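S.K.: Below is the structure I would like to discuss, written out as structure tokens.
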Amino acid sequence: MTFHDQVIAILPKLRVQALSLTRNRAAAEDLVQDAVCNALAAQNSFIPGTNFSAWMHRILRNRFISDLRKRRETTDIDDVPAASFASPATHEDSLALKDLSMALSRLPSDQREALVMVVIQGMSYEELAEATDCAVGTAKSRVFRARRQLEAWMSGDLPTNDKLRVKVKALRDAMDARRRAGHSSEDLMLS
Amino acid sequence: MTAGDKRKSSVNDIKAEEQDSPFGIWLSRGLHQLFDDVANEPIPDELLRLIEEDRNK
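Chains A and B, in that order, give the protein sequences.
Numbered by UniProt numbering, the letters in the first sequence go through residues 1 to 191 in order.
Numbered by UniProt numbering, the letters in the second sequence go through residues 1 to 57 in order.
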């Protein structure tokens, strides 16, 4: 198989990795295209007989990180809507799927990527470590933490990194406490 | 079996256990519903053209 045949063959997997990182289909398509351009430009640095898949996944990941750094100089990434993993809702369990999609978008991108590459692409922890340029223990820990966090969220726990929901909950609790004590809660809304 | 093989096998046993739990099965099914379409979509012509042009340089 030639270098270019290998690039074409790995495109579906790159798309899945790109979507897991960007959380957005259009951004994922752009990321794959940019990563392919980088790979074509750097093809002389690929050593035949070594792990092409890991090499290609690392290029895409590095491109994502580099784009993210550039964007952070001008925008707050948290303001970008965590759009669209989900296909149009045609499944009977589409509500649970929507919840899963939202919970996934709250995970750190490295955990989301790790989970998807293991579950969807069937990678071993060793392959994941090579594709994401980290130690096997780190790869395993990312998958483990992603699973545990999703399980907690899907069973109803409040996401600890969801600042807005945490603030709203704290405000509600404070208002309830003041009402119970016979005080007005309006001043809390202004603080 | 070397120590490295044993470690690898134990890590993969843990992975299998997690994937076979009820939540693991549900999660795997959900992730496939979210991601399989993307993997199976046709490759955009523009991207294929880019690769073929580089091949023919």
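Think of the CB as a built atom: it goes at the ideal place given N, C-alpha and C, for glycine as much as any other residue.
Quantities reported herein were computed from a predicted structural model and do not represent experimental measurements.
Find out if the Cβ-Cβ distance for the pair A/ALA18, A/ALA9 is shorter than 9 Å.
M.R.: In this structure, A/ALA9 does not lie closer than 9 Å to A/ALA18 by Cβ.
S.K.: Do you know offhand how far A/ALA41's Cα is from B/LEU50's?
M.R.: 12 Å
S.K.: Thinking B/PHE35 and A/VAL32 are a contact (beta carbons under 8 Å), I'd like their distance in whole angstroms, please.
M.R.: 14 Å between Cβ atoms; not a contact.
S.K.: For the alpha helix (DSSP H) that contains A/ASN24, what are its first and last residues?
M.R.: Taken as a continuous stretch (DSSP letters only), A/ASN24 belongs to no alpha helix (DSSP H), as it is neither H nor E.
S.K.: According to a CB-to-CB cut-off of less than 8 Å, which residues of the stretch 137 to 157 of chain A neighbour chain B?
M.R.: LYS140, VAL143, PHE144, ARG147, LEU150, GLU151, MET154
S.K.: Does the Cβ-Cβ distance between B/ASN56 and A/PRO12 come in under 9 Å?
M.R.: For B/ASN56 and A/PRO12, no; Cβs fall outside 9 Å.
S.K.: Is it true that the CB of A/ARG61 sits closer than 9 Å to the CB of A/ASP133?
M.R.: yes
S.K.: Taking B/ILE43 as the reference, which of A/PHE46, A/VAL119, A/VAL36 has the closest Cα?
M.R.: A/VAL36
S.K.: Since B/ILE51 meets chain A, which of its residues come closer than 8 Å, beta carbon to beta carbon?
M.R.: HIS4, VAL7, ILE8, VAL36, LEU40
S.K.: Of all the options A/LYS98, A/LEU104, A/GLU130, which has the alpha carbon lying nearest to the alpha carbon of A/THR50?
M.R.: A/GLU130
S.K.: In chain B, which residues lie with their C-beta within 8 Å of the C-beta of A/LEU11?
M.R.: ILE43, LEU47
S.K.: Quick check on A/GLU127 - is its C-beta less than 9 Å from some C-beta in chain B?
M.R.: no
S.K.: What three-state label does DSSP hand B/ILE43 in the structure shown?
M.R.: coil
S.K.: State buried or exposed for A/ASN24, treating a residue as buried only when at least 16 other CB atoms are found within 10 Å of its CB.
M.R.: buried
S.K.: Quick check on A/ARG61 - is its C-beta less than 9 Å from some C-beta in chain B?
M.R.: no
S.K.: With distances taken Cα to Cα, identify the nearest neighbour of A/ASP99 among B/ASP20, B/GLN19, B/LEU27, B/PRO22.
M.R.: With distances taken between Cα atoms, A/ASP99 lies closest to B/LEU27.
S.K.: Thinking A/TRP153 and A/ALA103 are a contact (beta carbons under 8 Å), I'd like their distance in whole angstroms, please.
M.R.: Correct: roughly 5 Å between the Cβ atoms.
S.K.: A/ALA177 CB to nearest chain B CB: under 9 Å?
M.R.: no
S.K.: Write down the C-beta distance between A/PHE64 and A/PHE3 rounded to the nearest angstrom, noting that I regard them as a contact closer than 8 Å.
M.R.: Actually they do not touch by this definition, with Cβ atoms about 22 Å apart.
S.K.: Can you tell me whether A/ILE59 is buried or exposed? The criterion is at least 16 other CB atoms within 10 Å of its CB, across all chains shown.
M.R.: buried
S.K.: Any idea if B/HIS32 is buried or exposed, counting beta-carbon neighbours within 10 angstroms, 16 or more meaning buried?
M.R.: exposed
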